[in-house]
């Protein structure tokens with residue numbers, strides 16, 4: 055039994071299918087002991103559940119949920135490549151938040167991704183879901199997505 | 055004979071000289087099995103061929119060509135540091151697209167970089183030119199460049 | 055005696071305490087031979103010394119000083135995790151500059167971070183403070199910070 059899948063099951067989280075890349079690239083790449091994911095949009099079954107910017111059409115609470123979906127899509131990409139039980143540590147998360155002028159709560163949005171990682175990995179990894187992170191407010195994102203999240207994880211040798 | 059230079063020659067691509075950094079940094083750094091490039095502007099012989107934002111002064115097709123030049127400049131930086139034949143896999147591409155409000159086709163722009171990598175490396179590397187990628191729309195770029203691309207590659211030990 | 059602390063002392067630089075993360079993440083993570091820092095704001099004793107955008111409320115010279123503080127905060131995060139004497143090379147710096155329309159001197163701002171790295175590490179590391187770098191102009195940053203800087207360093211095995 056996979057420890058991570060067991061945890062996901064306890065949490066009632068179904069790992070989505072890997073989102074189709076928006077261009078000529080792949081969802082994730084293994085390089086040495088690292089897996090790098092592509093920037094993940096909050097796609098659900100191939101559809102973006104919301105469009106627009108924080109500080110305009112999208113509320114922080116809604117975007118927090120979208121960032122969680124981005125992280126889940128990143129985990130799906132990692133799982134398809136190496137299996138989530140190969141993950142030894144979460145290394146880095148970068149969160150891009152489409153931000154209208156005056157919106158400065160990017161960290162509150164990207165906490166949606168970070169909290170998912172804690173739920174999934176705390177107690178399973180030596181460092182739990184802990185990771186370094188940057189969160190920035192960008193002008194526009196692909197398909198008018200409010201959020202995009204990319205991730206680097208360390209895997210077993 | 056270098057396999058990559060042979061391929062470039064067949065493609066009619068001349069590797070440019072390494073672009074002069076816009077600040078106090080270097081074009082690329084080797085660290086363990088990785089080479090990280092600096093963010094590359096689409097400089098041609100030290101001159102930016104276009105300035106402005108997508109969704110305003112710059113068309114997607116033109117920016118697609120500029121992203122290709124950025125990727126070529128990144129390859130030049132890698133070549134000068136370790137030689138392109140040392141490259142084992144392309145790991146990650148990040149594309150920053152200067153975006154006016156309402157422009158959301160960043161992936162179509164950054165495909166210019168990704169497609170160049172496929173042309174150069176498909177058939178030469180086990181994973182071809184495949185890479186993870188993020189593409190985001192930023193407010194402004196250095197020198198009013200429409201595009202900036204950075205890259206991580208894996209090299210021989 | 056720590057070589058880096060000795061250098062800092064000669065430069066009259068006091069390493070700050072590690073800035074409290076703005077969300078559910080950690081200041082830095084070790085992964086293999088790398089340390090990744092989180093995006094660092096120019097916090098001084100937990101307070102942001104300036105807010106606003108380049109090209110509007112904030113001058114380039116002031117932001118150059120803020121980028122230096124960001125880099126110092128990144129070094130503090132690395133020091134707390136592995137000790138600065140473990141650093142073998144600076145690999146990558148990414149600088150995010152909150153930019154009003156028409157501001158394109160992001161490299162001049164992020165030079166504040168790069169120059170600090172040269173001051174601290176030149177003569178101490180084989181490659182000095184040299185690093186790859188990307189500098190981009192984003193729409194908004196957390197807490198209306200003018201600058202955010204993240205860093206990757208290589209450490210002893």
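Chains as they are written, first to last, in this note's numbering: chain A, 55 to 211; chain B, 55 to 211; chain C, 55 to 211.
Every residue gets a Cβ at the ideal spot worked out from N, C-alpha and C, and that includes glycine.
Within the same chain, 191 come within 8 Å of residue 158 of chain A by CB-CB distance, once the 5 residues on both sides are set aside. Chain order gives the chain B residues near residue 164 of chain C as 77, where near means a beta carbon separation below 8 Å. The alpha carbon of residue 150 of chain B has as its nearest neighbour, out of B:110, B:103, B:96 and B:175, the alpha carbon of B:96.
Annotation for residue 182 of chain C: 172, 175 and 176 place their beta carbon closer than 7 Å to its own, counting only its chain and skipping 5 residues before and after. Apart from the 5 residues on each side of it in sequence, residue 165 of chain A sits with its Cβ closer than 7 Å to the Cβ of 118 in its chain, given in chain order. If you draw a straight line from the Cα of residue 131 of chain A to the Cα of residue 81 of chain A, it is about 6 Å long. Taking 7 Å as the cut-off between beta carbons, the residues of the region 196-210 of chain A near chain B are 196, 197, 198, 202 and 204, in sequence order. Bounds of the beta strand (DSSP E) holding residue 150 of chain A are 141-152. In the same chain as residue 115 of chain A, and ignoring 5 residues on each side of it, no C-beta atom comes closer than 7 Å to its own.
Identification of chain A residues near residue 188 of chain C by a Cβ-Cβ cut-off of 7 Å yields none; the smallest Cβ-Cβ distance measures about 12 Å.
Contacts with chain B at 8 Å (Cβ-Cβ) include residue 184 of chain C. In this structure, the beta-carbon distance from residue 110 of chain C to residue 154 of chain C falls below 8 Å. By the CB criterion at 8 Å, residue 126 of chain B and residue 170 of chain B fall inside the cutoff. Under the Cβ criterion (8 Å, minimum of three pairs), the region 129-147 of chain A does not count as touching the region 55-69 of chain B. Between the beta-carbon of residue 186 of chain A and that of residue 83 of chain C there is about 4 Å, and that keeps the pair under the 8 Å contact cut.
Comparing alpha-carbon positions, the option among A:146, A:163, A:167 and A:108 lying closest to residue 90 of chain A turns out to be A:146. Assigned with DSSP and collapsed to three states, residue 87 of chain B falls in coil, not helix or strand.
For a cut-off of 8 Å, the C-beta gap from residue 204 of chain C to residue 188 of chain A is around 5 Å, short enough to register as a contact.
In terms of Cα proximity to residue 184 of chain B, the closest of B:144, B:124, B:69 and B:178 is B:144. With 16 or more other Cβ atoms inside 10 Å of its own Cβ, residue 148 of chain C counts as buried.
Only exposed fits residue 180 of chain C, as fewer than 16 other CB atoms lie within 10 angstroms of its CB.
For residue 94 of chain A, the beta-bridge partners assigned by DSSP are A:203. Annotation: residue 105 of chain A to residue 128 of chain A spans about 19 Å, alpha carbon to alpha carbon. With 16 or more other CB atoms across the displayed protein chains lying within 10 angstroms of its CB, residue 92 of chain C is buried.
Listed along the chain, the chain A residues whose CB falls inside 8 Å of the CB of residue 119 of chain B amount to none; the nearest CB is some 15 Å away. Chain-ordered, the chain A residues with CB closer than 7 Å to the CB of residue 150 of chain C read 190. Taken atom to atom, the span from the alpha-carbon of residue 162 of chain A to that of residue 206 of chain A is near 20 Å. Only buried fits residue 199 of chain B, as 16 or more other CB atoms lie within 10 angstroms of its CB. Residue nearest to residue 98 of chain C within the set C:85, C:71 and C:57 is C:71 (criterion: CA-CA distance). Neighbours of residue 93 of chain C in chain A, taken as residues whose beta carbon is under 9 Å from its own, are 148, 186, 187, 188, 189 and 190 in chain order. DSSP lists no beta-bridge partner residue for residue 111 of chain C. In terms of Cβ geometry, residue 67 of chain B and residue 140 of chain B do not form a close pair [threshold 8 Å]. Excluding its 5 nearest sequence neighbours in each direction, residue 124 of chain B has C-beta neighbours in its own chain below 7 Å: 94, 95, 96, 167, 201, 202 and 203, listed in chain order. Rounded to whole angstroms, residue 108 of chain B and residue 156 of chain B show a C-alpha spacing of 9 Å. Nearest neighbour of residue 197 of chain A by Cα position, chosen from A:77, A:58, A:56 and A:142, turns out to be A:77. In the DSSP assignment, residue 105 of chain A falls outside any alpha helix (DSSP H) and carries neither an H nor an E.
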